[in-house]
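**Q** My questions will all concern the structure given below.
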Amino acid sequence: MRSVGPSPSESGEVRLHTRGVDGGKEMNSNGVQTTTSSSLYSGILPGTKWCGSGDLASTYFDLGSEVKLDMCCRTHDLCPSKVRSYATRYNITNDSMYTKSHCICDKTFYNCLKKANHSTGDLMGTLYFNILRVPCVDERNGKTVFKLPPSY
Numbered sequence: 830m831r832s833v834g835p836s837p838s839e840s841g842e843v844r845l846h847t848r849g850v851d852g853g854k855e856m857n858s859n860g861v862q863t864t865t866s867s868s869l870y871s872g873i874l875p876g877t878k879w880c881g882s883g884d885l886a887s888t889y890f891d892l893g894s895e896v897k898l899d900m901c902c903r904t905h906d907l908c909p910s911k912v913r914s915y916a917t918r919y920n921i922t923n924d925s926m927y928t929k930s931h932c933i934c935d936k937t938f939y940n941c942l943k944k945a946n947h948s949t950g951d952l953m954g955t956l957y958f959n960i961l962r963v964p965c966v967d968e969r970n971g972k973t974v975f976k977l978p979p980s981y
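So, in structure tokens, the structure goes:
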């Protein structure tokens with residue numbers, strides 16, 4: 830059985846999916862691109878371009894004003910081992926509206942949010958791990974399973 834854990838050879842095979850060039854973006858007086866309240870309607874947390882449902886980034890390097898937090902979310906979004914919503918992969922079907930990432934990616938995301946030490950990061954962690962409680966993809970006894978996350 831093929832392992833579902835992230836591997837260095839797979840990490841270069843990620844693709845960037847954006848919601849459009851201008852979705853939720855505005856320039857401030859210094860010419861710096863910022864995320865606006867309209868980003869909330871796109872499901873993205875203020876100050877970020879990667880935290881929420883999808884992303885608003887135009888490139889891999891396009892980050893919001895909350896850089897550390899956005900880097901956590903970008904890394905999680907680009908987890909190479911995941912089962913997208915309403916899809917089957919690794920012989921397991923995800924019948925929910927949320928993509929389920931490998932448990933290693935969720936653990937990295939959890940630790941990154943804690944290390945960011947930011948109120949918006951804590952909000953993201955509470956939402957993802959405590960309220961939505963999105964299960965992660967894991968292997969148990971040679972079988973791929975969904976596992977509930979720890980509390981944030």
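Using the numbering used here, the first residue of the sequence shown is number 830, and each one after it goes up by one.
The beta carbon of each residue, even a glycine, is placed where N, CA and C say it ideally should be.
Here the structure is a predicted model, which means the values were calculated and not measured.
Nearer than 8 Å: is that true of the beta carbon of C902 relative to any heavy atom of the ligand MN?
**A** The ligand content of the structure shown is nil, which means the ligand MN is not present either.
**Q** Rounded to a whole number of angstroms, what is the C-alpha to C-alpha distance between G893 and L942?
**A** Between G893 and L942, the C-alpha separation is close to 15 Å.
**Q** Once DSSP output is grouped into helix, strand and coil, what is the label at K976?
**A** Strand, per DSSP.
**Q** Looking at S914: is its Cβ nearer than 9 Å to the Cβ of T904?
**A** Going by C-beta atoms, S914 is not nearer than 9 Å to T904.
**Q** Give me whichever residues DSSP pairs with T955 in a beta bridge.
**A** In DSSP, T955 forms no bridge with anything.
**Q** Taking the beta carbon of L977 as the centre, do at least 16 other beta carbons fall within 10 Å, making it buried, or is it exposed?
**A** So L977 counts as exposed.
**Q** Jot down the residue ranges of each uninterrupted beta strand (DSSP E) in the stretch 897-947, minimum 3 residues, whole runs only, in chain order.
**A** Counting only runs of 3 or more, we get 916-918 and 921-923.
**Q** Helix, strand or coil for S866? Go by DSSP, reduced to three states.
**A** At S866, the pLDDT of 46 sits below 50, so the modelled position is not reliable; the number obtained from the coordinates is stated separately. Three-state result, S866: coil.
**Q** So the beta strand (DSSP E) V966 belongs to, where does it begin and stop?
**A** Unbroken beta strand (DSSP E) run through V966: C965 to R969.
**Q** Please name the residue in T888, P875, S980 and A886 whose C-alpha comes closest to that of K936.
**A** For K936, the nearest C-alpha among the options comes from S980.
**Q** Among the residues of its own chain, which have a CB less than 8 Å from the CB of S948, if the five just before and after it don't count?
**A** Cβ neighbours of S948 beyond the five flanking positions: none.
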